[in-house]
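Heads up, the sequence shown is in our numbering, so the first residue is 39 and it goes up one at a time.
From the three backbone atoms N, C-alpha and C, an ideal C-beta is built for every residue, glycine too.
All of these numbers come straight from a predicted model, not from anything done at the bench.
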Amino acid sequence: MPERTEIIDSVSLAGKLVGNGNSVQYFGAILLKSKLSLNDLEDYYSVYQKNEWSYVVEPQENQIITVVEHSKISFSEMVDDEAYYIVYSWGDGPDLLEELDFRGH
39 MPERTEIIDS VSLAGKLVGN GNSVQYFGAI LLKSKLSLND LEDYYSVYQK
89 NEWSYVVEPQ ENQIITVVEH SKISFSEMVD DEAYYIVYSW GDGPDLLEEL
139 DFRGH
């Protein structure tokens, strides 16, 4: 965890979350409150990134998570100032296991 930063909330979801077709996506996010800048947080999490969809850091202006296309998801904790950030990652399972997960069909 970066200095001067605390985890306020977290959420995760699996299912048909974005795009078309039969597939399942996995989404996880944490809500941070931090005294660090967006650039500082991006630098911190960049060492953990495996691709462009992992450990994405963005300012979070309210409870609603807007990057999930086919589902309504939000943080349970209030977001009340400019010091909040979302850190999220997308993923999918190994091909065989993904085909057996009916949440994407």
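Which of helix, strand or coil DSSP assigns to residue i
i           : result
residue 92  : coil
residue 75  : coil
residue 112 : strand
residue 44  : strand
Proximity to residue i [Cα-Cα], best of the options
i           : options         : result
residue 72  : 82, 107, 54     : 82
residue 129 : 44, 80, 74, 90  : 90
residue 100 : 75, 44, 111     : 111
residue 42  : 65, 53, 70      : 70
residue 109 : 39, 47, 55      : 55
residue 65  : 85, 84, 106     : 106
residue 118 : 97, 87, 127, 80 : 97
residue 87  : 44, 127, 40     : 127
residue 67  : 76, 61, 104     : 104
Residues that residue i bridges to, as DSSP identifies them
i          : result
residue 67 : 49, 126
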